[in-house]
Amino acid sequence: MSQRQRFFMMIAICLGAFLSHFTAGIVNVSLPQFTYIFQTELAIAQWITTGYLLVIASLLPFMGKLGDRYGHRVLHNYGFLLFTVSSVLVAFSTTVTMLLVLRIMQAIGAAMFQATNIALIAILLPKEMRGRAMGIMSTAVALGGMTGPIAGGMIASWLSWEWLFLIHVPVAILATGLAFRYIPSLEQTRETRSLDLVGAGLFMLLVSLVITAISNGNGWGWASEGILILFGGVLVLAWAFVWWERGQSVPFLPMAVFRRSAVSSGLFISFTSFVLANLELVVLPFYLLDQAHVSPLTAGYMMTAYPLLLALTGPFSGWVSDRYRVRPLIFAGLGAMGAGMTVLAIWLEALSTVEIIAVLALTGAGMGLIASPNNSYIMRHVPMEHAGAIGGMIALTRNAGMVVGAALGLGMMNGDSSQAAHPTIDAYRVVFAAGALICLSGLLVWWYAGRLERKKKRGTEVEKA
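Position 43 of the sequence shown, counted from 1, bears residue number 43 in UniProt numbering, the numbering being contiguous throughout.
What follows is the structure, encoded as structure tokens:
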């Protein structure tokens with residue numbers, strides 16, 4: 001593959017990573033407006049955002065598995081096409097039902113290219129370039145998540161609601177054209193074995209129930225009948241999924257791959273890091289507005305320190321991980337995130353505006369040190385025939401971590417009800433202390449996984465000797 005082809009291939013992949021997260025948050029500010037436009041309740045309008053995220057999260061591993069079977073390029077590029085067409089059509093919705101159906105189609109397209117982008121990088125780029133490429137893609141994810149709500153606020157103030165779904169269409173058309181033109185079709189040998197549709201269905205239902213329960217826990221109350229029923233369903237589905245998979249010669253998820261400590265610990269670190277990041281990003285604005293009494297505009301500027309440092313450190317850490325050891329980078333990233341959480345837990349009310357920006361920058365830099373090296377590290381230990389399935393699982397841990405981080409932060413800040421008007425300073429400190437403890441658990445898991453890796457390596461060397 002020529003340098004030119006790699007360059008435009010990466011642009012296409014990164015535009016997809018950007019757009020899928022950009023479109024997730026662009027609608028949030030305008031949800032109350034949709035209740036008036038379509039004469040519906042807010043509980044239904046919220047599914048414009050919740051349904052989009054839920055469909056993506058539940059389909060990611062399945063789409064990755066389809067990529068292993070039919071080709072990652074096929075899934076990725078036709079996902080772009082579906083996403084682009086549905087983005088246009090959703091702007092012409094005349095009822096809320098029509099809007100939700102087309103939004104689900106948009107989410108299916110987004111899941112198709114989210115689930116396969118990491119696999120494409122792992123398969124098509126040389127080993128010495130993968131970490132940097134994944135770092136650049138992590139930057140695109142961060143920028144999409146940051147700019148979506150900002151663009152949504154501007155559109156809500158100045159333009160009609162249709163532009164929420166049309167604003168990104170020119171970029172989506174460009175990305176689709178680049179993907180079909182520059183992503184090569186030469187990939188892995190495709191699977192010919194049957195696809196475990198029952199296992200896939202059980203896993204999708206399991207993920208859907210978990211995300212639904214966590215998303216609604218604060219609003220319904222964690223001890224409410226509805227939440228208890230959902231978690232009961234989670235336990236039943238988890239048991240059914242494990243029971244079914246044990247009896248399959250070719251299970252939906254490659255369980256043998258998950259037994260590799262590098263893969264299982266890497267997925268845990270991916271989930272943990274996004275829990276930590278979203279916990280801070282969701283809770284800290286409340287503190288800035290309610291306790292520090294800064295303006296919304298100032299708070300918005302302050303919060304950009306996180307994605308800015310992530311954007312700067314992500315490609316650099318990816319480049320370093322291509323040439324040197326990965327594990328110290330991830331240790332340093334977790335340490336930086338944990339240090340930020342600890343500072344907020346102990347000295348929150350004493351921090352100046354500049355110091356809070358510095359903490360956000362530290363957390364963003366820590367995330368930048370983790371994301372791309374960790375993704376690259378996981379994929380190094382995955383057979384290419386399972387690249388799509390594990391790539392989908394990486395994307396799932398990212399989305400699930402964001403949901404859990406937001407739910408955990410808001411739940412601890414507001415107690416059992418999301419209606420608490422003014423959380424106390426102690427409530428904020430408890431949230432960040434919990435974040436520090438979560439980070440400590442991540443460090444311990446990563447240390448133990450490294451110990452297992454060294455032990456396995458020594459055993460292999462002894463056998464060779």
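Even glycine gets a Cβ: it sits at the ideal position worked out from N, Cα and C.
Note to self: Within 8 Å, do at least three Cβ pairs link the region 15 to 27 to the region 140 to 148?
What the structure shows: Taking 8 Å as the limit for Cβ pairs, the verdict is that the region 15 to 27 does touch the region 140 to 148.
Notebook entry, point to check: Among SER376, HIS381, ALA299, LEU75, which residue has its Cα nearest to the Cα of ILE357?
Noted result: The residue given as residue 357 occupies position 357 in the sequence shown. The option with the nearest alpha carbon to ILE357 is ALA299.
Next item on the list: Count the other C-beta atoms from every protein chain shown that fall within 10 angstroms of the C-beta of MET302, then say buried if there are 16 or more, exposed otherwise.
Entry: By one-based count along the sequence shown, residue 302 stands at place 302. Burial call: buried.
Checklist line | Three-state secondary structure (DSSP) of PHE83 | finding: Here residue 83 corresponds to residue number 83 of the sequence shown, with the count starting at 1. Under the three-state reduction of DSSP, PHE83 is assigned to helix.
Check: Looking at the unbroken alpha helix (DSSP H) that takes in PRO285, where does it start and where does it end?
Finding: The residue you call residue 285 lines up with position 285 of the sequence shown. Unbroken alpha helix (DSSP H) run through PRO285: 261 to 290.
Next item on the list: Quick one: measure Cβ to Cβ for ASN278 and GLY405, integer angstroms, because I've assumed they're closer than 8 Å.
Entry: The sequence position of residue 278 within the sequence shown is 278, counting from 1. The sequence position of residue 405 within the sequence shown is 405, counting from 1. Rounded to the nearest angstrom, the Cβ distance from ASN278 to GLY405 is 3 Å, consistent with a contact under 8 Å.
Margin query: Quick check: what's the CA-CA separation for ALA387 versus ALA119?
Written below: Working through the sequence shown from its first residue, we reach residue 387 at position 387. Working through the sequence shown from its first residue, we reach residue 119 at position 119. So the alpha carbons of these two residues sit roughly 5 Å apart.
Margin query: Among LEU53, LEU452, LYS455, whose alpha-carbon lies nearest the alpha-carbon of LEU209?
Written below: Along the sequence shown, read from residue 1 onward, the residue named residue 209 stands at position 209. The residue with the shortest Cα to Cα distance from LEU209 is LEU53.
Next item on the list: Can you grab the Cα-Cα spacing for the pair LYS457 / ARG451, in whole Å?
Entry: In the sequence shown, counting from the first residue as 1, residue 457 sits at position 457. In the sequence shown, counting from the first residue as 1, residue 451 sits at position 451. Distance from the CA of LYS457 to the CA of ARG451, rounded to the nearest whole angstrom, comes to 10 Å.
Item checked: Given 8 Å, three or more beta-carbon pairs between the region 376 to 390 and the region 58 to 67 -> Counting C-beta pairs closer than 8 Å gives three or more between the region 376 to 390 and the region 58 to 67, which meets the contact rule.
Next item on the list: Give the straight-line distance between the Cα atoms of ARG6 and VAL283, rounded to the nearest whole angstrom.
Entry: Looking up residue 6 in the sequence shown gives position 6. Looking up residue 283 in the sequence shown gives position 283. One alpha carbon belongs to ARG6, the other to VAL283, and they sit about 39 Å apart.
Check: Which full runs of the alpha helix (DSSP H) of 4+ residues lie inside the region 142 to 196, going along the chain?
Finding: 163 to 166, 169 to 182, all fully within the region 142 to 196.
Next item on the list: Let me know the secondary structure DSSP gives TYR52 once reduced to three states.
Entry: One-based indexing of the sequence shown puts residue 52 at position 52. In the three-state reduction of the DSSP assignment, TYR52 falls in the helix class, which pools H, G and I.
Margin query: Quick check: what's the CA-CA separation for ILE394 versus LEU124?
Written below: The residue given as residue 394 occupies position 394 in the sequence shown. The residue given as residue 124 occupies position 124 in the sequence shown. It is roughly 18 Å from the alpha-carbon of ILE394 to the alpha-carbon of LEU124.
Notebook entry, point to check: Can you list, in chain order, the stretches of the alpha helix (DSSP H) that have 4 or more residues and sit fully within the region 290 to 353?
Noted result: Every alpha helix (DSSP H) of 4 residues or more that sits fully in the region 290 to 353 is shown, in chain order, as 296 to 303, 305 to 323, 327 to 347.
Next item on the list: Count the other C-beta atoms from every protein chain shown that fall within 10 angstroms of the C-beta of TRP347, then say buried if there are 16 or more, exposed otherwise.
Entry: Here residue 347 refers to the residue found at position 347 when the sequence shown is read from its first residue. Exposed.
Checklist line | Beta-carbon separation (whole angstroms), TRP244 vs VAL198, contact threshold 8 Å | finding: As a first step, residue 244 is located in the sequence shown; it is residue number 244 there, counting from the start. As a first step, residue 198 is located in the sequence shown; it is residue number 198 there, counting from the start. About 6 Å; that satisfies the 8 Å criterion.
Checklist line | LEU309 and LEU360 closer than 9 Å at C-beta | finding: Position 309 of the sequence shown, counting from 1, holds the residue named residue 309. Position 360 of the sequence shown, counting from 1, holds the residue named residue 360. Cβ atoms of LEU309 and LEU360: closer than 9 Å.
Item checked: Residues of its chain near TRP319, where Cβ-Cβ distance is below 6 Å and the 5 sequence neighbours each way are ignored -> Along the sequence shown, read from residue 1 onward, the residue named residue 319 stands at position 319. Cβ neighbours of TRP319 beyond the five flanking positions: ARG132.
Next item on the list: Please classify GLU187: is it buried, with 16 or more other beta-carbons within 10 angstroms of its beta-carbon, or exposed?
Entry: The residue labelled residue 187 in the question sits at position 187 within the sequence shown. Its pLDDT being 49, under 50, GLU187 is placed unreliably in this model, and the value from its coordinates should be taken loosely. GLU187 comes out buried.
Next item on the list: Consult DSSP for GLU225 and reduce its assignment to one of helix, strand or coil.
Entry: For the purposes of this step, residue 225 is identified with residue 225 of the sequence shown, where counting begins at 1. Helix.
Notebook entry, point to check: Can you give the Cα-Cα distance for GLU355 and TYR287, rounded to whole angstroms?
Noted result: One-based indexing of the sequence shown puts residue 355 at position 355. One-based indexing of the sequence shown puts residue 287 at position 287. Here the C-alpha atom of GLU355 lies approximately 14 Å from the C-alpha atom of TYR287.
Item checked: Nearest-angstrom Cα separation, counted from ALA111 out to PHE8 -> Locating residue 8 in the sequence shown gives position 8, counting from the first residue. Locating residue 111 in the sequence shown gives position 111, counting from the first residue. The C-alpha of PHE8 lies about 21 Å from the C-alpha of ALA111.
Next item on the list: Report all residues from its chain with a CB closer than 6 Å to the CB of LEU34; omit the five preceding and five following residues, and keep chain order.
Entry: Here residue 34 refers to the residue found at position 34 of the sequence shown. According to the sequence as given, residue 34 is Phe; it is not Leu. Contacts found: ALA45.
Next item on the list: Look at GLY340 and LEU312 and say whether their C-beta atoms are less than 9 Å apart.
Entry: As a first step, residue 340 is located in the sequence shown; it is residue number 340 there, counting from the start. As a first step, residue 312 is located in the sequence shown; it is residue number 312 there, counting from the start. Contact: no.
Checklist line | Proximal residues to GLU453 (C-beta, below 7 Å), its chain only, five neighbours per side dropped | finding: Your numbering for residue 453 matches position 453 in the sequence shown. SER261, ALA262.
Next item on the list: Could you check which residue in GLY338, LEU174, ASP68 has the C-alpha nearest to that of LEU444?
Entry: Mapped onto the sequence shown, residue 444 falls at position 444. Ranked by how close their Cα comes to the Cα of LEU444, the residues GLY338, LEU174, ASP68 have GLY338 in first place.
Checklist line | Within 9 Å, strictly: CB atoms of ASP322 and MET154 | finding: Counting from one through the sequence shown, the residue named residue 322 turns up at place 322. Counting from one through the sequence shown, the residue named residue 154 turns up at place 154. Cβ distance not < 9 Å, so ASP322 and MET154 don't count as in contact.
Next item on the list: Mark ILE425 as exposed unless 16 or more other C-beta atoms lie within 10 angstroms of its C-beta, in which case mark it buried.
Entry: Reading the sequence shown from its first residue, position 425 is the one you call residue 425. Residue environment analysis places ILE425 among the exposed positions, since fewer than 16 neighbouring C-beta atoms fall within 10 angstroms of its C-beta.
Note to self: Please identify the residue among GLN114, SER87, PHE22, MET134 whose C-alpha is closest to the C-alpha of VAL315.
What the structure shows: Position 315 of the sequence shown, counted from the start, is the residue given in the question as residue 315. Contrary to the premise, residue 315 reads as Pro rather than Val in this sequence. Answer by Cα proximity: MET134.
Checklist line | Secondary structure of MET413, DSSP reduced to three states | finding: The sequence position of residue 413 within the sequence shown is 413, counting from 1. Helix.
Note to self: Please classify PRO423 as buried or exposed, where buried requires at least 16 other C-beta atoms within 10 Å of its C-beta.
What the structure shows: As a first step, residue 423 is located in the sequence shown; it is residue number 423 there, counting from the start. Counting Cβ neighbours within 10 Å, PRO423 comes out buried, since at least 16 surround it.
Margin query: Counting C-beta neighbours from all protein chains within 10 Å, is the total for TYR36 16 or more, i.e. buried, or is it exposed?
Written below: Looking up residue 36 in the sequence shown gives position 36. Burial state of TYR36 is exposed, judged by a 10 Å Cβ sphere holding fewer than 16 other Cβ atoms.
Note to self: Would you call the region 160 to 176 in contact with the region 75 to 89, where contact means no fewer than 3 C-beta pairs closer than 8 Å?
What the structure shows: Two segments are said to touch when three or more pairs of C-beta atoms, one from each, lie closer than 8 Å; by this definition the region 160 to 176 touches the region 75 to 89.
Check: So, is GLN114 buried or exposed, given that buried needs 16 or more other C-beta atoms within 10 angstroms?
Finding: As a working mapping, residue 114 is identified with position 114 in the sequence shown. Classification for GLN114: buried.
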